[in-house]
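Using the numbering used here, read the sequence shown as starting at 16 and increasing by one per residue. Just so you know, even glycine gets a beta-carbon here, dropped at the ideal spot from N, CA and C.
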Amino acid sequence: MARFAGRVGEVEDPLTWGLDLEDEALTGCEDDIDPTSDRFVRSYRTFAGESLEIETLRTAVAEDAVEDVVRAAASGALAAPLHADIAAPVEPDAEPAPRPGRDFADDFADYRSAMRAIVAEVDAVELEHDTFGVDGRPVAATEVQVRDVVAVHVATPGRGLVITGPADLVDRVTVVTRPIRSLLHPPEHR
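Put into C-alpha cells, the structure is as follows:
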C-alpha cells in the first residue's frame, strides 16, 4: 500500500446504484513499460449480478497507450464470464453439466477462440472522446463501448482511472477519488 499512497477511485455511494463492494485489491508490480501492471481495483456487483470495476493505475497512462488500455479493459470485461470458474455470490450454486468427450485441450481451444473473437470485436469499434465526471467535474475521457459493456479511461493528477461495466450504469454512477483505505477490511482499533 505504501507505493500507492494518494487518491484512488471509487463509487461515491454504491447503495444508491444497487452496488455491493465485492472486492478490493492491489495488483501487479512496478513495471515502467506497462502502466496497468500496478493498480488498485475496486470491484462492485449489482443486485442483478452485473460487475462494475474502478481501477486506479499507480501512474498516468501515456497518450499513445490510452487506446490499448481502454480496449484491454473492455476485452477483459467482456471475457469475464469465460474466466469465472465459480458462480458469482448472487447466483445459486449449480452442478456442472456433464461434458462427455471433452478435455482440457478442447476447453482451452474454445477459450482461445472466444478470446480472439472478443478482441477482434473490441478492436473493430471506434474509440469515443468525451468527458466523464470525476470528483464532480467533467474530465476528458476516452471510451469504447461493445455490446452493453463500456470501458472508460480518465486521467487524474498523476494517475489514470479505468472504469468498466454496463454502459447504462457507468454513465450514471458518481465516481470520486479519495485517499486510499480498505473499505472491506478496515484496520482494527485497539
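{"query": "Pro-153 versus Ile-133 - alpha carbon distance", "result": "30 Å"}
{"query": "Coil, strand or helix - Gly-64 by DSSP", "result": "coil"}
{"query": "Own chain, CB closer than 7 Å to Thr-192, minus 5 neighbours either side, in chain order", "result": "Arg-22, Val-23, Gly-24, Val-149, Asp-150 and Thr-171"}
{"query": "Start and end residues, alpha helix (DSSP H) containing Asp-183", "result": "182 to 185"}
{"query": "Straight-line Cα distance separating Arg-187 from Ile-60", "result": "The question names Ile, but residue 60 is Arg in the sequence shown. Roughly 15 Å between the two C-alpha positions."}
{"query": "From Ile-195, Glu-37 and Leu-142, residue whose alpha carbon lies closest to that of Val-85", "result": "Leu-142"}
{"query": "Simplified DSSP state of Pro-153, which is helix, strand or coil", "result": "strand"}
{"query": "Bridge-paired residues (DSSP) for Ala-170", "result": "Gly-175"}
{"query": "Which of helix, strand or coil DSSP assigns to Pro-104", "result": "Its pLDDT being 47, under 50, Pro-104 is placed unreliably in this model, and the value from its coordinates should be taken loosely. In this structure, Pro-104 counts as coil in the three-state DSSP scheme."}
{"query": "Straight-line Cα distance separating Ser-66 from Gly-33", "result": "11 Å"}
{"query": "Nonlocal neighbours in the same chain, by C-beta distance under 6 Å from Val-169, ignoring five residues either side", "result": "Phe-147, Val-149, Val-154, Ala-156 and Leu-176"}
{"query": "Three-state class that DSSP yields for Ala-77 in the structure shown", "result": "coil"}
{"query": "Counterpart residues of Ser-58 in DSSP-defined beta bridges", "result": "Asp-38 and Glu-68"}
{"query": "Among Asp-53, Asp-163 and Ala-92, the one whose alpha carbon lies nearest that of Val-76", "result": "Asp-53"}
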